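Visitor: So the numbering used here is basically just the index in the sequence shown, starting at one, shifted up by 142.
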Amino acid sequence: MTAKIIDGKAIAAQVRQRAKERAFELFEKTGKKVRLAVVMVGDNPASEIYVRNKIKACEEAGIESQSFRLPSDTSEEKIIELVDRLDSDKFTHGILVQLPLPKGIDERKVLERISPQKDVDGFHAVNAGNLMLGNKCLTACTPQGCIELIRSTGAQIEGKNAVVVGRSNIVGKPMAMLLLQNNATVTIAHSKTENLASITSRADILVAAVGKKEFITGAMIKPGAIVIDVGMNRCDGKLYGDVKFDEAERVASFITPVPGGVGPMTIAMLLKNTVTAAENA
Ligand code: GUN
Numbered sequence: 143m144t145a146k147i148i149d150g151k152a153i154a155a156q157v158r159q160r161a162k163e164r165a166f167e168l169f170e171k172t173g174k175k176v177r178l179a180v181v182m183v184g185d186n187p188a189s190e191i192y193v194r195n196k197i198k199a200c201e202e203a204g205i206e207s208q209s210f211r212l213p214s215d216t217s218e219e220k221i222i223e224l225v226d227r228l229d230s231d232k233f234t235h236g237i238l239v240q241l242p243l244p245k246g247i248d249e250r251k252v253l254e255r256i257s258p259q260k261d262v263d264g265f266h267a268v269n270a271g272n273l274m275l276g277n278k279c280l281t282a283c284t285p286q287g288c289i290e291l292i293r294s295t296g297a298q299i300e301g302k303n304a305v306v307v308g309r310s311n312i313v314g315k316p317m318a319m320l321l322l323q324n325n326a327t328v329t330i331a332h333s334k335t336e337n338l339a340s341i342t343s344r345a346d347i348l349v350a351a352v353g354k355k356e357f358i359t360g361a362m363i364k365p366g367a368i369v370i371d372v373g374m375n376r377c378d379g380k381l382y383g384d385v386k387f388d389e390a391e392r393v394a395s396f397i398t399p400v401p402g403g404v405g406p407m408t409i410a411m412l413l414k415n416t417v418t419a420a421e422n423a
C-alpha cells in the first residue's frame with residue numbers, strides 16, 4: 143500500500159479563504175476590523191519563522207496584525223503589563239503570546255492574563271476546561287487543524303481507535319479531547335509509555351506529537367491507518383516530522399507530509415479563531 147498524501151496546504155487555503163470572507167462580512171456589517179496582537183519575547187529562531195508566517199497570513203486574510211517584539215531579558219512584569227494593555231484594548235480581538243517564553247518567565251501566569259475571549263490559541267485554563275466539558279470555546283489551533291485533516295480523508299472518526307503520542311498542553315491533551323468529542327476511542331501515549339509500539343500499532347488514527355525526529359517507524363503503524371504528523375524537528379537546516387515518512391507511507395492509508403501537512407493548518411485555524419473572537423466581541 144502507498145498512502146495518499148493529505149495536502150495540508152490546500153486544505154489550509156480553503157480555511158483561510160473562509161476566514162477572509164468572514165472578516166470582510168464582519169467589516170461590512172459592523173465596521174469592525176479584525177485585529178490580532180502577536181507578542182514575541184526573545185529571538186528563538188523557530189518562533190521567528192512561525193510569527194512571520196502568522197503575520198503574513200493575517201495580511202492575506204484582511205486581518206490587521208500588530209506585532210510586539212520584546213528583548214529576551216524582559217521581566218515577567220513587563221510582559222504582563224503589555225498583555226494587560228492589549229487585553230483592555232477594544233480594537234484588539236485576539237492576543238497571541240508566542241511560546242516558548244524565555245527561561246524564568248512563568249508561561250502559565252502570562253497566558254492566564256489573556257481573557258478567554260481573546261485567547262485565540264485556546265491555551266487559557268477556561269478554554270482548556272471548556273474543551274474538556276464539550277462547551278463551545280476557542281480551541282487550540284494545531285489539534286483543530288489535525289481534526290480537519292482527518293476529516294478531509296472522508297474516513298469516519300466515530301468508534302475508531304485513535305492514539306495520540308504526546309501529552310503537551312498545546313497539542314497532545316487538546317487533540318485527545320477533540321478526538322473524544324468525535325467519538326473516537328482515545329489513548330494518550332507519552333515518553334514514559336511502556337511497549338509503545340503495541341499501542342500505536344492498534345491505532346486507526348495515529349497522531350504523532352512527541353517532538354522527536356522520525357520517532358514513529360513503519361513497524362509501529364497499523365496497515366491502513368491515518369497518520370497525522372505534528373512534528374517540526376529542524377536538523378541540519380532540514381525539517382523532519384515525528385514520523386519516518388518513507389516507511390510510514392508504505393503502511394498507512396493517508397499521511398501528512400512535513401512540511402506541508404499540519405503546519406499550514408495551525409496558521410489557518412489561528413485566523414479562524416481570530417475572526418470568531420472578533421465576531422463574538
Ligand atoms: N509555539 C509553538 N506552537 C505554538 C502555537 O500554536 N501558539 C503559540 N502561541 N506558541 C506556539
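Cβ atoms here follow ideal geometry from the backbone N, Cα and C, with glycine treated the same way. Just so you know, these numbers come straight off a predicted model, no measurement behind them.
Using DSSP bridges, identify the partner residues of Lys414.
Guide: Answer is none; Lys414 lacks a bridge partner.
Visitor: Leaving out five residues on either side along the sequence, give the residues of the same chain with a beta carbon under 8 angstroms from the beta carbon of Ser134.
Guide: Examination of residue 134 is not possible in this model, given that the chain is present from 143 through 423 alone.
Visitor: Out of Pro401, Val369 and Phe169, which has the shortest C-alpha to C-alpha gap to Gly131?
Guide: Residue 131 cannot be examined here, being either before or after the span of the chain that is shown, 143 to 423.
Visitor: Check this for me: beta carbons of Thr327 and Asn303, under 9 angstroms apart or not?
Guide: Contact: yes.
Visitor: Apart from the five residues on each side of it in sequence, which residues of its chain come closer than 6 angstroms, Cβ to Cβ, to Gly236?
Guide: Same-chain partners within the cutoff: Leu178, Lys260, Val262, Thr416 and Ala419.
Visitor: Taking C-alpha atoms, which residue in Val349, Ile205, Pro242 and Gly246 lies nearest to Arg160?
Guide: Cα-wise, what sits closest to Arg160 is Ile205.
Visitor: Helix, strand or coil, according to DSSP, for Asn375 in the structure here?
Guide: Reduced to three states, the DSSP call for Asn375 is strand.
Visitor: Look up Asn324 in the DSSP assignment and say whether it is helix, strand or coil.
Guide: Here Asn324 sits in coil by DSSP.
Visitor: Is Val307 near the ligand GUN, in the sense that its beta carbon is under 8 angstroms from a heavy atom of that ligand?
Guide: Not so, every heavy atom of the ligand GUN lies at least 8 angstroms from the Cβ.
Visitor: Asn186 bridges to which residues according to DSSP?
Guide: The partner list for Asn186 (beta bridge, DSSP) is empty, contrary to what the question assumes.
Visitor: Determine contact between the segment 341 to 358 and the segment 264 to 279, defined as no fewer than three beta-carbon pairs at a distance below 8 angstroms.
Guide: Touching, no, given that fewer than three Cβ pairs across the two stretches are closer than 8 angstroms.
Visitor: Is Thr172 helix, strand or coil by DSSP?
Guide: Looking at Thr172 - three-state DSSP - the assignment turns out to be helix.
Visitor: Going by DSSP in three states, Leu238 sits in which element: helix, strand or coil?
Guide: The answer is strand: DSSP assigns Leu238 an E or B state.
Visitor: If you follow the beta strand (DSSP E) that Phe210 is in, where does it begin and where does it stop?
Guide: Run containing Phe210: Glu206 to Leu212, per the beta strand (DSSP E) assignment.
Visitor: Which partner residues of Ala350 appear in the DSSP bridge assignment?
Guide: DSSP lists Val307 and Asp371 as partners of Ala350.
Visitor: For the ligand GUN, I want to know if Ser189 counts as a neighbour, meaning its beta carbon is within less than 8 angstroms of at least one of the ligand's heavy atoms.
Guide: Correct: Ser189 has its Cβ closer than 8 angstroms to the ligand GUN.
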